[in-house]
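Here the sequence shown stands for residues 3 to 343, numbered as in this note's numbering. To start, the structure itself, in structure tokens.
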Amino acid sequence: MRLVPASIRKPPYADTGVSPPWNDTAQIAKKAEDKTAIRKAGALAASILDRAGALAKPGITTEEIDIFVHDTCIENNAYPSPLNYGKFPKSVCTSVNEVICHGIPDARELVDGDIVNIDVTVYTEDGFHGDCSRTFLVGESVSDAARKLVDDTEEALWRAIAVCQPGAPFHAIGAAIQDFADTQSYGVCPDFVGHGVGQQFHSGPAVVHYRTVRRGSSGTGFGLMGNAKGKAGIDYMVAGQTFTIEPMLTLGAVKGRFWDDDWTVTTTDSCLTAQFEHTLMVTDDGVEILTARPGGERLDVEGAATRMKELEASLARTSPSKSAAKSKKKKAKKATKGFGV
Numbered sequence: 003m004r005l006v007p008a009s010i011r012k013p014p015y016a017d018t019g020v021s022p023p024w025n026d027t028a029q030i031a032k033k034a035e036d037k038t039a040i041r042k043a044g045a046l047a048a049s050i051l052d053r054a055g056a057l058a059k060p061g062i063t064t065e066e067i068d069i070f071v072h073d074t075c076i077e078n079n080a081y082p083s084p085l086n087y088g089k090f091p092k093s094v095c096t097s098v099n100e101v102i103c104h105g106i107p108d109a110r111e112l113v114d115g116d117i118v119n120i121d122v123t124v125y126t127e128d129g130f131h132g133d134c135s136r137t138f139l140v141g142e143s144v145s146d147a148a149r150k151l152v153d154d155t156e157e158a159l160w161r162a163i164a165v166c167q168p169g170a171p172f173h174a175i176g177a178a179i180q181d182f183a184d185t186q187s188y189g190v191c192p193d194f195v196g197h198g199v200g201q202q203f204h205s206g207p208a209v210v211h212y213r214t215v216r217r218g219s220s221g222t223g224f225g226l227m228g229n230a231k232g233k234a235g236i237d238y239m240v241a242g243q244t245f246t247i248e249p250m251l252t253l254g255a256v257k258g259r260f261w262d263d264d265w266t267v268t269t270t271d272s273c274l275t276a277q278f279e280h281t282l283m284v285t286d287d288g289v290e291i292l293t294a295r296p297g298g299e300r301l302d303v304e305g306a307a308t309r310m311k312e313l314e315a316s317l318a319r320t321s322p323s324k325s326a327a328k329s330k331k332k333k334a335k336k337a338t339k340g341f342g343v
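In structure tokens, the structure reads:
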């Protein structure tokens with residue numbers, strides 16, 4: 003593993019390689035200084051991701067991207083969160099083409115026509131993590147299908163972000179992603195989830211990216227601005243809460259196959275897959291994107307409001323199924339092994 007200076011603040015797992023057990027408690031920034039700290043972590047992660055993505059060109063190895071991310075974290079007095087998390091050997095995840103997530107950087111050169119997801123998480127001197135990822139096009143020969151997959155995966159993330167506000171149920175996120183993916187005939191990977199993030203790298207809630215409500219029923223628990231049902235921060239969103247959304251869409255199979263390295267996960271049919279991720283903080287009347295790209299990022303507010311009304315109407319006719327609820331708990335437990343999770 004790459005060396006980290008003793009002066010850098012490290013998360014608890016940095017020296018042991020032992021991942022903390024899954025904590026099903028929401029992370030909520032209540033103090034002004036905590037909100038400032040996680041904004042700082044998110045901004046740094048976004049800046050490093052932006053610059054790392056600029057390296058994704060033919061002839062560059064993912065190992066070189068890892069070196070850049072590691073060194074840039076250290077230069078900014080931050081620890082690269084993936085390093086030694088569950089003994090992960092590198093400082094960033096680089097997932098190329100059919101790799102769903104958790105790809106380990108290596109000596110393979112990127113080639114014209116590849117797509118590569120770069121997943122950056124930093125742990126700052128203030129003791130907060132910022133987590134984000136984006137899928138980049140490599141060269142000029144990326145197929146039309148791959149370009150559309152990448153664009154649409156980002157659109158799925160935006161549709162999910164659009165439903166976030168105090169009182170919104172977390173299952174609305176999966177519904178927004180699944181409904182859009184279905185219209186474009188994409189698969190939604192069910193094995194990895196978004197998660198709470200802040201002073202801990204991962205915690206509850208397990209933010210699933212697929213629909214967990216069945217149509218044609220009643221009782222969604224969708225009650226905005228303090229009228230929601232269930233457990234605050236786990237079943238529905240509360241102001242100050244910080245978490246990630248990170249959908250992974252595929253052109254074919256949705257299940258993953260682990261490589262012998264115990265980290266890299268590929269689609270079972272080797273189809274292309276893409277992922278986008280942001281760290282978010284729920285505000286009093288909406289949501290703040292903590293890992294927005296440097297220089298700002300688009301958010302179609304008018305379109306988001308329309309999609310919110312459409313989704314609310316849809317959810318009014320649905321309710322969580324028992325099997326879906328059990329599946330969500332199972333995914334959360336399984337997610338303790340991985341990250342991005």
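Glycine is no exception: its CB is placed at the ideal position from the N, C-alpha and C atoms.
Three-state secondary structure (DSSP) at residue i?
i	result
His173	helix
Ile120	strand
Val101	strand
Gln167	coil
Thr38	helix
Gly189	strand
Ala8	coil
Phe260	strand
Gly196	strand
Gln277	strand
Ser49	helix
Glu156	helix
Ala234	strand
Thr214	coil
Can you grab the Cα-Cα spacing for the pair residue i / residue j, in whole Å?
i	j	result
Glu157	Pro84	26 Å
Gln186	Thr18	44 Å
Val267	Met250	12 Å
Leu112	Gly88	27 Å
Asp52	Arg213	31 Å
Leu57	Lys231	46 Å
Ala48	His72	14 Å
Leu253	Gly198	28 Å
Trp24	Ile236	13 Å
Gly169	Gly288	10 Å
Phe90	Val140	25 Å
Arg11	Asn86	14 Å
Arg4	Lys92	8 Å
Thr293	Asp271	32 Å
Arg110	Thr126	30 Å
DSSP beta-bridge partners for residue i?
i	result
Ile30	Gln243
Met283	Thr244, Glu290
Tyr87	Note: Tyr87 sits in no beta bridge, so no partner.
Thr96	Ile120
Ala148	Answer is none; Ala148 lacks a bridge partner.
Tyr15	In DSSP, Tyr15 forms no bridge with anything.
Pro82	Val124
So, residue i versus residue j, is the Cβ gap smaller than 8 Å?
i	j	result
Val210	Gly189	no
Thr64	Pro107	yes
Ala191	Glu279	One detail in the question is off: residue 191 reads as Cys in this sequence, not Ala. No, these two residues do not count as a Cβ contact at 8 Å.
Val284	Val256	no
Gly200	Glu248	no
Ser205	Thr27	yes
Val118	Phe138	yes
Val94	Ile120	yes
Ala162	Ala183	no
Asp114	Asn99	no
Ile50	Val124	yes
Ala80	Leu274	no
For the beta strand (DSSP E) containing residue i, list its first residue and its last residue.
i	result
Asp133	131-139
Pro207	205-209
Leu251	250-252
Thr268	267-269
Flag residue i as yes if its beta-carbon sits less than 8 Å from any beta-carbon of chain C, otherwise no.
i	result
Glu35	No chain C is part of this structure, which consists of one protein chain only.
Which first and last residues belong to the alpha helix (DSSP H) in which residue i is found?
i	result
Thr64	64-77
Tell me whether residue i counts as near the ligand ADP, meaning its Cβ is closer than 7 Å to at least one heavy atom of that ligand.
i	result
Pro168	The model depicted lacks the ligand ADP and carries no ligand whatsoever.
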